[in-house]
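**Q** Chains as they are written, first to last, in the working numbering: chain A, 1 to 280; chain B, 281 to 552. All C-beta atoms in this analysis are idealised placements derived from N, C-alpha and C, irrespective of residue type, glycine included. No experiment lies behind these values; they were computed from the predicted model shown.
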Amino acid sequence: MSGSPRRGRAGLVALEATMIVAALLYVYPIFLMFMNSLKPFGEVVSDVIALPKAATLQNYADVVKRMSYFQLFLNNVVITTIGVTGIVALSSLAAYILDRRRTRYAKFAYLAIIAPMLIPFQTFMITLLKVMTVSHLAGSTWGLGIQYWGFGVPMAVFIYFNFMNTIPRELDESAIIDGASTFRCFRSIIFPMLKTITTTVVVLDVMWIWNDFLLPLLMVNGRPETKTLVLSAYTFVGQFNTQWHYAMTAMVLTVLPSILIFIALQRNIVQGVVAGAIKG
Amino acid sequence: MVALTIYLPFALSGYYSLTKWNGIARDPEFIGLANFVELFRGGDAFLRALLFTAEYTAVSMVALNVLALAIAVALAKELKTRSVLRSLFFVPYILSMTIVGFIWQFIFSKGFESLFRITGFSFLNLSWLGDVRLVFYSVVAVGVWQAVGFYIVLYIAGLQSIPAEVLEAAVVDGASGPTKFLRVTLPMLSSSVVTCVLLSMINSLKVFDTILALTKGGPAGSTYSATLEIYREAFQNNNYGLGSAKSLVFFAIVLLLTLVVLGLFRRKEDEA
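Spelled out as structure tokens, the structure:
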């Protein structure tokens with residue numbers, strides 16, 4: 001033994017103290033952002049670290065108006081909902097069919113679907129923009145949501161497919177004997193059994209789509225009505241680069257939804273991310 | 281079939297990108313391999329960006345995995361506040377990378393200035409985003425700050441899957457702390473290590489948002505990553521053809537690196 005139990009406990013306390021300090025330092029930048037968003041311009045410029053003398057929400061009122069925040073928020077919700085719903089519906093069904101039909105064609109289709117996971121987005125974004133403009137999917141929130149189907153499906157199919165063989169085939173067979181169609185059987189028997197894995201997929205894809213920057217930059221940057229939160233924060237901060245109090249407020253408003261959702265669903269999110277990474 | 285309807289748009293976009301390597305702006309003109317020739321001969325900026333990306337990836341991979349493993353080991357212990365601490369380290373990961381870039385731009389310019397006035401530490405007074413040499417470390421640090429929580433969580437999951445009996449047996453056999461870690465914990469963690477190293481490599485290679493928000497590739501073009509360079513060539517210089525050529529080279533490199541690393545790990549596993 002390297003030490004007596006008492007020394008072990010003292011070590012643990014020291015470690016705990018160190019980790020707490022480290023963690024607080026670690027999130028300090030985020031805290032700074034929040035704090036400075038509550039200060040008027042003069043105070044931000046004179047001292048970044050000092051607490052606000054009198055916290056004010058004036059910045060928030062200004063920025064919400066200038067960014068047309070609620071419109072942006074709505075855009076984000078629309079894009080994310082369309083994207084994630086489509087990805088979940090298409091991928092779970094596709095993985096189901098691919099798993100149950102063990103033909104050579106199904107195997108090839110599976111490989112063809114998951115292979116794009118290895119292609120970095122930036123390598124085909126140039127021609128993607130052209131294709132999407134031709135097919136009228138660029139320039140609108142719903143079009144962008146639909147585009148995410150294409151990018152989200154490979155990984156989602158991969159995750160679902162690996163999980164699918166844990167569901168016994170006898171279940172489908174008995175349902176079919178009872179007169180259910182394949183789709184009916186999938187919808188009322190198989191899909192509910194995929195709940196845990198669906199959570200993973202939803203968590204990963206919501207986080208990804210909500211925060212995505214490059215695809216919206218290419219597709220919906222043209223008009224203010226179609227911009228996303230992150231995109232708008234990017235232009236806004238660029239514009240108000242020297243007016244840090246507005247910049248900070250815009251940033252807080254952009255990340256606030258993610259932080260709130262994270263606090264509410266911590267456990268699911270962390271578990272989902274772990275499951276996704278280990279499967280992927 | 282459903283599979284086909286999903287696959288088609290994706291394959292199409294992939295197909296277009298792989299074939300239209302010589303389309304120039306509005307009027308595509310076939311120029312053969314000229315783009316690739318230019319890229320390797322005169323493409324100074326691209327080679328520089330590739331080099332930057334390589335350095336960035338190498339340093340980030342090491343920093344991310346070492347830091348994450350160290351913190352994970354600490355947080356896997358019986359600490360009272362461990363679940364709160366784990367969440368705190370995870371928070372930056374859920375933020376948009378663009379915003380992370382901006383937060384740090386603010387800290388490096390304004391925050392350090394105030395801290396310097398209070399503490400007088402001279403390293404705070406350096407130009408962390410303006411100096412061609414220092415900016416590299418700033419960019420890496422921000423990338424690591426954003427992502428490390430993700431790898432911590434993965435390593436913790438790996439650590440928890442090691443059965444307690446194995447560790448106890450090692451202690452009974454007389455293994456001290458460091459030996460126990462090197463001889464028992466680390467080998468049993470190998471699948472987590474493979475996952476984390478591979479993911480951190482792929483993600484670092486693709487770095488884009490944080491750099492765009494933090495430095496826009498500056499100062500003096502010293503922080504152009506490969507992806508940022510592709511973006512600039514295609515959408516700011518309007519050289520779609522050259523941009524596509526660069527993106528194909530980049531894809532080949534990423535694919536090759538991934539396969540090499542996977543192969544290395546596989547051989548190691550066979551030996552063990």
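From S340 (chain B) to L171 (chain A), what distance separates their C-alpha atoms?
**A** When rounded, the distance between both Cα atoms is 47 Å.
**Q** Between Y520 (chain B) and chain A, is any beta-carbon pair separated by less than 8 Å?
**A** Yes, Y520 (chain B) lies at the interface with chain A (some Cβ there is under 8 Å from its Cβ).
**Q** Exposed or buried, H245 (chain A), counting other C-beta atoms within 10 Å across all chains shown (16 or more means buried)?
**A** Counting Cβ neighbours within 10 Å, H245 (chain A) comes out buried, since at least 16 surround it.
**Q** Between the C-alpha atoms of P192 (chain A) and K526 (chain B), what's the straight-line distance to the nearest angstrom?
**A** Their backbone Cα atoms lie some 45 Å apart in a straight line.
**Q** On a Cα-Cα basis, can you pick out the residue from A:A94, A:A275, A:V270 and A:A250 that is closest to L38 (chain A)?
**A** Comparing Cα-Cα distances from L38 (chain A) to each of A:A94, A:A275, A:V270 and A:A250, the minimum goes to A:A250.
**Q** Between the alpha carbons of Y296 (chain B) and G501 (chain B), how many angstroms are there, rounded?
**A** With a pLDDT of 47 at Y296 (chain B), under the threshold of 50, the modelled position of that residue is not reliable, and no figure is offered here.
**Q** Within 10 Å of its beta-carbon, does P487 (chain B) have 16 or more other beta-carbons around it, so buried, or fewer, so exposed?
**A** According to the sequence provided, residue 487 (chain B) is Val. The question's Pro does not apply to it. Buried, by the Cβ-count rule.
**Q** With a threshold of 8 Å, are at least 3 pairs of Cβ atoms found where one atom belongs to the segment 359-374 of chain B and the other to the segment 507-521 of chain B?
**A** Not touching, per the Cβ criterion.
**Q** In chain E, which residues lie less than 9 Å from M481 (chain B) when you measure between Cβ atoms?
**A** Absence of chain E from the displayed structure is noted, the protein chains being A and B.
**Q** What are the residues in the segment 236-257 of chain A lying within 8 Å of chain B by C-beta distance?
**A** Taking 8 Å as the Cβ-Cβ cut-off against chain B, the residues of the segment 236-257 of chain A that qualify are V237, W244, A247, M248, M251, T254 and V255.
**Q** According to the neighbour-count rule (16 or more other Cβ atoms, all chains shown, within 10 Å of its Cβ), is G3 (chain A) buried or exposed?
**A** Summary for G3 (chain A): the model assigns pLDDT 43, below 50, so the residue's position carries little reliability, and this model does not support an answer.
**Q** Go ahead and pull the three-state DSSP assignment for F401 (chain B).
**A** DSSP places F401 (chain B) in coil when its eight states are reduced to three.
**Q** Could you check how far apart the C-beta atoms of G145 (chain A) and G83 (chain A) are, in whole angstroms? I think they sit under 8 Å.
**A** Yes, they are in contact, since the Cβ atoms of G145 (chain A) and G83 (chain A) sit about 5 Å apart, within 8 Å.
**Q** Suppose contacts are defined by Cβ-Cβ distances below 8 Å. Is L466 (chain B) in contact with T337 (chain B) by that definition?
**A** No, Cβ-Cβ distance for L466 (chain B) and T337 (chain B) is not below 8 Å.
**Q** At the 8 Å Cβ level, is L51 (chain A) part of the contact set with chain B, yes or no?
**A** No, L51 (chain A) lies away from the interface with chain B (no Cβ there is under 8 Å from its Cβ).
**Q** Name, please, each residue of chain A whose Cβ falls closer than 8 Å to the Cβ of M377 (chain B).
**A** The answer, in chain order, is N211 and F213.
**Q** Using the Cα positions of E16 (chain A) and P29 (chain A), report the straight-line distance between them to the nearest angstrom.
**A** If you take the alpha carbons of E16 (chain A) and P29 (chain A), they lie about 21 Å apart.
**Q** Once DSSP output is grouped into helix, strand and coil, what is the label at Y28 (chain A)?
**A** Of the three classes helix, strand and coil, the one that applies to Y28 (chain A) here is helix, per DSSP.
**Q** Pull out every residue of the segment 23-35 of chain A whose Cβ sits closer than 8 Å to any Cβ of chain B, in chain order.
**A** Those residues of the segment 23-35 of chain A that come within reach of chain B (Cβ to Cβ, closer than 8 Å) are A23, L24, Y26, V27, P29, I30, L32 and M33.
**Q** Using a Cβ cut-off of 8 Å, which residues of the segment 524-547 of chain B contact any Cβ in chain A, in chain order?
**A** Cβ contacts with chain A: S524, S527, L528, F530, F531, V534, L535 and T538.
**Q** Under DSSP, the alpha helix (DSSP H) around S480 (chain B) begins and ends at which residues?
**A** Where S480 (chain B) is concerned, the enclosing alpha helix (DSSP H) stretches over S470 to L485.
**Q** Run through chain A and tell me which residues come within less than 9 Å of T399 (chain B), C-beta to C-beta.
**A** Under the 9 Å cutoff, chain A gives no residues; its nearest Cβ is about 10 Å from T399 (chain B).
**Q** So which residues on chain A does E448 (chain B) lean against when the C-beta distance must stay under 9 Å?
**A** Those do not exist, as E448 (chain B) stays about 11 Å from chain A at its closest Cβ, beyond 9 Å.
**Q** The alpha helix (DSSP H) with K460 (chain B) in it runs from where to where?
**A** No alpha helix (DSSP H) contains K460 (chain B), which DSSP labels as neither H nor E.
**Q** With 16 other CB atoms within 10 Å as the buried threshold, where does F183 (chain A) fall?
**A** Result: exposed.
**Q** Please list, in chain order, the chain B residues whose beta carbon lies closer than 9 Å to that of V273 (chain A).
**A** By Cβ distance, chain B contributes F370, Y373, F430, V433 and L434.
**Q** Report yes if the CB atom of V220 (chain A) is closer than 8 Å to the CB atom of S376 (chain B), and no otherwise.
**A** No, these two residues do not count as a Cβ contact at 8 Å.
**Q** Grouping DSSP H, G and I as helix and E and B as strand, with all else coil, what is A54 (chain A)?
**A** Coil at A54 (chain A), not helix or strand.
**Q** Relative to the ligand NAD, is the shortest distance from any of its heavy atoms to the C-beta of L355 (chain B) smaller than 7 Å?
**A** Summarising the ligand content, the structure contains no ligands, and the ligand NAD is consequently not present.
**Q** Taking contact to mean at least 3 C-beta pairs separated by less than 8 Å, is the segment 198-214 of chain A in contact with the segment 107-117 of chain A?
**A** As far as the Cβ criterion goes, the segment 198-214 of chain A does not touch the segment 107-117 of chain A, which means the pair count is below three.
**Q** Can the beta-carbon of A427 (chain B) be found closer than 8 Å to that of N345 (chain B)?
**A** No, these two residues do not count as a Cβ contact at 8 Å.
**Q** Among A:M125, A:L98 and A:P120, whose alpha-carbon lies nearest the alpha-carbon of A112 (chain A)?
**A** Minimum Cα distance to A112 (chain A) is reached at A:L98.
**Q** Compare the C-alpha of I442 (chain B) against each of B:L542, B:V464 and B:A329 and name the closest.
**A** The shortest Cα separation from I442 (chain B) among B:L542, B:V464 and B:A329 belongs to B:V464.
**Q** Going by C-alpha to C-alpha distance, which of B:V422, B:V433 and B:L327 sits closest to L494 (chain B)?
**A** L494 (chain B) has its Cα closest to that of B:V422, out of B:V422, B:V433 and B:L327.
**Q** On the DSSP letters alone, give me the boundaries of the alpha helix (DSSP H) that K390 (chain B) sits inside.
**A** Note, K390 (chain B): premise wrong, no alpha helix (DSSP H); not H, not E.
**Q** Please classify S174 (chain A) as buried or exposed, where buried requires at least 16 neighbouring CB atoms within 10 angstroms.
**A** S174 (chain A) comes out exposed.
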